[in-house]
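Below is one structure, written out as structure tokens, with a few remarks after it.
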Amino acid sequence: MMSEYRNIMESLVEEEFERAAATLGCCTCEACRNDIIAYALNQLPPKYVATRKGEVYSKTFILRNQHYADIMAALAKGAKVVSDHPRHDTR
Numbered sequence: 001m002m003s004e005y006r007n008i009m010e011s012l013v014e015e016e017f018e019r020a021a022a023t024l025g026c027c028t029c030e031a032c033r034n035d036i037i038a039y040a041l042n043q044l045p046p047k048y049v050a051t052r053k054g055e056v057y058s059k060t061f062i063l064r065n066q067h068y069a070d071i072m073a074a075l076a077k078g079a080k081v082v083s084d085h086p087r088h089d090t091r
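Position 43 of the sequence shown, counting from 1, maps to 43 under this note's numbering, and the rest follow consecutively.
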């Protein structure tokens, strides 16, 4: 039996990164993008849902409260950490 659940924080963090990338002051190459998003996700609690209705409700709830500020803070911190130690070629 295949599981039908997912961590919606992944899509929320990815969406917010895309919206905020220009204001984060960091490289947005694929390696840096992935590192920033992974860093942010490791700072945030997972939010699992099992249905589409649950996903829509949870995303709405998260973006209306403190979780949104937490996502933006985690992305900003991730951008700083990755900018200070990028994995891509800096030549």
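Every residue gets a Cβ at the ideal spot worked out from N, C-alpha and C, and that includes glycine.
Source: prediction; values computed, not measured.
Residue pairing for Y48: DSSP places it in a beta bridge opposite N7.
Under the three-state reduction of DSSP output, C32 falls in the helix class. Looking only at L12, D84, R6 and I71, the smallest Cα-Cα distance to Q43 is reached by I71. Annotation: V56 to E16 spans about 16 Å, alpha carbon to alpha carbon.
According to the DSSP assignment, H67 belongs to the alpha helix (DSSP H) that extends over Q66 to D84.
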